[in-house]
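Enquirer:
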Amino acid sequence: MNAMIDDETLDRQLREAAPYIDDEGFTARVMVRLPATRREPQWLRAVILLGVTALGSGGAYLLSGGGRFVREGMIQLSSFPIWLLLVLAFGCGLLVGAFAVIFAIRKTPEVRDVTQLRF
Amino acid sequence: MELTDADLIARVLGDDDQHAFGELVRRHQSSVRGLLRQLTRTDIALADDLAQETFLRAYKNIRSFRGEAQFSTWLYRIAYNCFREDARRRKELVGVDDEQLQAEHDPQTVDPGLRHDLMHALSLLPLHERTAIVLCCQNGLSHDEAARVLDIPLGTVKTNVLRGREKLKRTLAAWAPN
Numbered sequence: 001m002n003a004m005i006d007d008e009t010l011d012r013q014l015r016e017a018a019p020y021i022d023d024e025g026f027t028a029r030v031m032v033r034l035p036a037t038r039r040e041p042q043w044l045r046a047v048i049l050l051g052v053t054a055l056g057s058g059g060a061y062l063l064s065g066g067g068r069f070v071r072e073g074m075i076q077l078s079s080f081p082i083w084l085l086l087v088l089a090f091g092c093g094l095l096v097g098a099f100a101v102i103f104a105i106r107k108t109p110e111v112r113d114v115t116q117l118r119f
Numbered sequence: 120m121e122l123t124d125a126d127l128i129a130r131v132l133g134d135d136d137q138h139a140f141g142e143l144v145r146r147h148q149s150s151v152r153g154l155l156r157q158l159t160r161t162d163i164a165l166a167d168d169l170a171q172e173t174f175l176r177a178y179k180n181i182r183s184f185r186g187e188a189q190f191s192t193w194l195y196r197i198a199y200n201c202f203r204e205d206a207r208r209r210k211e212l213v214g215v216d217d218e219q220l221q222a223e224h225d226p227q228t229v230d231p232g233l234r235h236d237l238m239h240a241l242s243l244l245p246l247h248e249r250t251a252i253v254l255c256c257q258n259g260l261s262h263d264e265a266a267r268v269l270d271i272p273l274g275t276v277k278t279n280v281l282r283g284r285e286k287l288k289r290t291l292a293a294w295a296p297n
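Chains as they are written, first to last, in this note's numbering: chain A, 1 to 119; chain B, 120 to 297.
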């Protein structure tokens, strides 16, 4: 009867043959095993982080005499020889590049999967 | 209006909403458990343990889901990895050849219904062909998606599907009532 069965019919029969599996408490068993939720929601964490950053920045501004050190720093920097400025700029570029690479790797799921999940 | 998988995932990510994750589990439990039952050759207890592990891993790593594939495809990948790790632990993940499979097949116990014949024929396929058939033919994944789930080349998936189909057809033809 099935000797001449074609791919489409076979696939359809396979789909129809796959029984729907009733939940029967499966979801509840999974939910029980989930790790506890974080207490504070995501937005609260963001607000706290922003608040602390703003407070810290304000405090630093006030303690530094209204940001005078920035002006003085710029004046000092302008008196440096050009080769030193180039070296400094190159070093900063390397540092930022290294951080960017590390961040990119950490944000790449495939790499994280390999290290954490052995996917 | 029913929330989409993407909406539910956004809730899990944004508010750590476990009820939203529960809804995702409810939606996908049947297909994930079905896949694992096929992989474990209908060892229901083991399949359900692995399915639980699959959803727990999915919850813990949901931030790594980028939405490029369907959520179900991502779940299948985790489920397949859970199965492989468990099989490796049990030292059972070895090449299962056709002779072994034929030895397991007892014609006296085959149910006469087509549904049972199909599922039984499917369970007799070698693991790699069975997995490809379940993913592509039963769960509707494309060959490309199945290749990503199984982490094997696309050509291998196509070959496994082709061979699996041929074997299923042959087996079903042999079982056909006179």
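Heads up, the beta-carbon is just placed ideally off N, CA and C, and yes, glycines get one too.
This structure is a prediction, so every number in the text was calculated from the model and none was measured.
If I'm right that B:Arg130 touches B:Asp124 with Cβ under 8 Å, what's the distance once you round it to whole angstroms?
Expert: About 11 Å separates the two Cβ atoms, so there is no contact after all.
Enquirer: Strictly under 7 Å for the Cβ-Cβ distance: is A:Ile5 near chain B by that measure?
Expert: So, interface residue.
Enquirer: Quick check: the Cα distance between B:Val215 and B:Lys288, rounded to an integer number of angstroms?
Expert: Any answer about B:Val215 is weak, because its pLDDT of 46 lies below 50 and its placement is not dependable; what the coordinates show is given next. In a straight line, the C-alpha of B:Val215 is about 20 Å away from that of B:Lys288.
Enquirer: Under 7 Å between C-beta atoms, does B:Ser191 make it to chain A?
Expert: no
Enquirer: Give me the Cα-Cα distance between A:Phe103 and A:Val96, rounded to the nearest whole angstrom.
Expert: 10 Å
Enquirer: Check distances from the C-beta atoms of the segment 24-53 of chain A to those of chain B and list, in chain order, the residues that come in under 9 Å.
Expert: Residues Phe26, Thr27, Ala28, Arg29, Val30, Met31, Arg33, Leu34, Pro35, Thr37, Arg38, Pro41, Gln42, Trp43.
Enquirer: Give me, in chain order, the residues of the same chain whose beta-carbon lies closer than 6 Å to that of B:Thr290; leave out the 5 immediate sequence neighbours on both sides.
Expert: Ala240
Enquirer: At the 7 Å Cβ level, is B:Lys298 part of the contact set with chain A, yes or no?
Expert: Chain B is shown only over 120 to 297; residue 298 of chain B falls outside these bounds and no answer can be derived.
Enquirer: Tell me which residue opens and which closes the alpha helix (DSSP H) that B:Tyr195 is part of.
Expert: Annotation: the continuous alpha helix (DSSP H) that includes B:Tyr195 extends over 190-208.
Enquirer: Using a Cβ cut-off of 7 Å (strictly closer), state whether B:Val144 contacts chain A.
Expert: yes
Enquirer: Where B:Asn279 and B:Glu248 are concerned, what is the direct C-alpha to C-alpha distance, given to the nearest angstrom?
Expert: 5 Å
Enquirer: Using 7 Å as the threshold, is the C-beta distance between A:Ala18 and B:Gly153 below it?
Expert: yes
Enquirer: Residues of chain A with a CB under 9 Å from the CB of B:Arg284: which are they?
Expert: Asp7, Leu10, Asp11
Enquirer: Note down, in chain order, every chain A residue with its Cβ under 7 Å from the Cβ of B:Leu243.
Expert: Residues of chain A passing the Cβ test: none, with the nearest at roughly 14 Å.
Enquirer: Should the segment 74-85 of chain A be regarded as contacting the segment 176-184 of chain B, the criterion being three or more beta carbon pairs within less than 8 Å?
Expert: no
Enquirer: If you measure from the beta carbon of A:Phe119 to each beta carbon in chain B, is any gap under 7 Å?
Expert: Only weak support is given to the placement of A:Phe119: the predicted model assigns it a pLDDT of 42, under 50, and the value that follows is read from those uncertain coordinates. Yes, because at least one Cβ of chain B sits closer than 7 Å to the Cβ of A:Phe119.
Enquirer: Provide the residue span of the alpha helix (DSSP H) that contains B:Lys179, from first to last.
Expert: Where B:Lys179 is concerned, the enclosing alpha helix (DSSP H) stretches over 163-179.
Enquirer: Going by C-alpha to C-alpha distance, which of B:Leu175, B:Gln257, B:Glu285, B:Val276 sits closest to A:Thr12?
Expert: For the record, residue 12 of chain A in the displayed sequence is Arg; it is not Thr. Among B:Leu175, B:Gln257, B:Glu285, B:Val276, the Cα nearest to that of A:Arg12 belongs to B:Gln257.
Enquirer: List the endpoints of the continuous alpha helix (DSSP H) containing A:Arg12.
Expert: First-last of the alpha helix (DSSP H) with A:Arg12: 7-17.
Enquirer: If I follow the unbroken alpha helix (DSSP H) through B:Asp136, where does it start and stop?
Expert: Here B:Asp136 belongs to no alpha helix (DSSP H), and DSSP marks it neither H nor E.
Enquirer: Smallest Cα separation from B:Ala170: which of B:Ala188, B:Gly186, B:His147, B:Pro272?
Expert: B:His147
Enquirer: I'd like to know if A:Arg15 contacts chain B, where contact means its C-beta is closer than 7 Å to some C-beta of that chain.
Expert: yes
Enquirer: Using only alpha-carbon positions, find the residue among A:Leu84, A:Arg29, A:Ser79 that is nearest to B:Asp168.
Expert: That would be A:Arg29, whose Cα lies nearest to the Cα of B:Asp168.
Enquirer: Does the Cβ-Cβ distance between B:Arg145 and B:Ser242 come in under 7 Å?
Expert: no
Enquirer: For a contact meaning CB atoms closer than 8 Å, what does B:Ser261 contact in chain A?
Expert: Residues of chain A passing the Cβ test: none, with the nearest at roughly 13 Å.
Enquirer: Starting from the beta carbon of A:Ile105, find every residue of chain B whose beta carbon is closer than 7 Å, and list them in chain order.
Expert: By Cβ distance, chain B contributes nothing, its closest Cβ being about 13 Å from A:Ile105, past 7 Å.
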